[in-house]
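Single-structure report; data block below.
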Amino acid sequence: MIPGFTDAEISTIRQVLTQAGLTDVDLQLADSEVVLDNVSRQPVICPSVFWHEQGANFVVAKTGPEKFKSRFFYTPHDQYGTGVKEYSMLKECVEAVLQLRSDQPKT
0 MIPGFTDAEI STIRQVLTQA GLTDVDLQLA DSEVVLDNVS RQPVICPSVF
50 WHEQGANFVV AKTGPEKFKS RFFYTPHDQY GTGVKEYSML KECVEAVLQL
100 RSDQPKT
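So the sequence shown is numbered by numbering that gives the first Met the number 0: it starts at 0 and just counts up by one.
Take a look at the structure:
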């Protein structure tokens, strides 16, 4: 079982969002199905943090101790990942998905 997000990890996410000028973001804890093994393609339930900002939905999933992946989406069928399989640093994971969103054309 993958451990949930710690208070320190939630604080890290908030700090990155604040540094990006996003100060009034409602973070929600959730579970997400994430494919961790490309061979078996079996989804695994991972603790996640979700928020909605600037017309997009963001998810950071904890895929193991000190392992994270992120994506943002407009609809469930319109999702964007960072292209990195996993991050070992939560701060980098959140920064990457925010940068990816800022690089996308506004919808």
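No residue lacks a Cβ here, since even glycine has one placed at the ideal position from N, Cα and C.
For this session: Taking 8 Å as the threshold, find out whether the region 34-43 comes into contact with the region 74-83 through three or more Cβ pairs.
Result: Touching, no.
Exercise. According to the neighbour-count rule (16 or more other Cβ atoms, all chains shown, within 10 Å of its Cβ), is T17 buried or exposed?
Worked result: Walking along the sequence shown from the start, residue 17 turns up at place 18. Counting the other CB atoms within 10 Å of its CB gives T17 a total below 16, which places it among the exposed residues.
For this session: Pull up the DSSP beta-bridge partners for N56, would you.
Result: Position 57 of the sequence shown, counted from the first residue, corresponds to residue 56. Its beta-bridge partners are H51, F72.
Problem set entry | DSSP state of I9 mapped onto helix, strand, coil | Here residue 9 refers to the residue found at position 10 when the sequence shown is read from its first residue. Note: I9 maps to helix in three-state DSSP.
For this session: Would you kindly work out how many angstroms separate the C-alpha atoms of M0 and L99, rounded to a whole number?
Result: Position 1 of the sequence shown, counting from 1, holds the residue named residue 0. Position 100 of the sequence shown, counting from 1, holds the residue named residue 99. Those two C-alpha atoms are separated by around 29 Å.
Exercise. V58 and S47 look like a contact to me (Cβ under 8 Å); what is the Cβ gap, rounded to whole Å?
Worked result: One-based indexing of the sequence shown puts residue 58 at position 59. One-based indexing of the sequence shown puts residue 47 at position 48. Under the criterion of beta carbons closer than 8 Å, V58 and S47 qualify as touching, at roughly 5 Å.
For this session: For L28, count neighbouring C-beta atoms within 10 Å of its own C-beta (all shown protein chains included) and say buried if the count is 16 or more, exposed if not.
Result: Within the sequence shown, the letter at position 29 stands for residue 28. With fewer than 16 neighbouring CB atoms inside 10 Å of its own CB, L28 falls in the exposed class.
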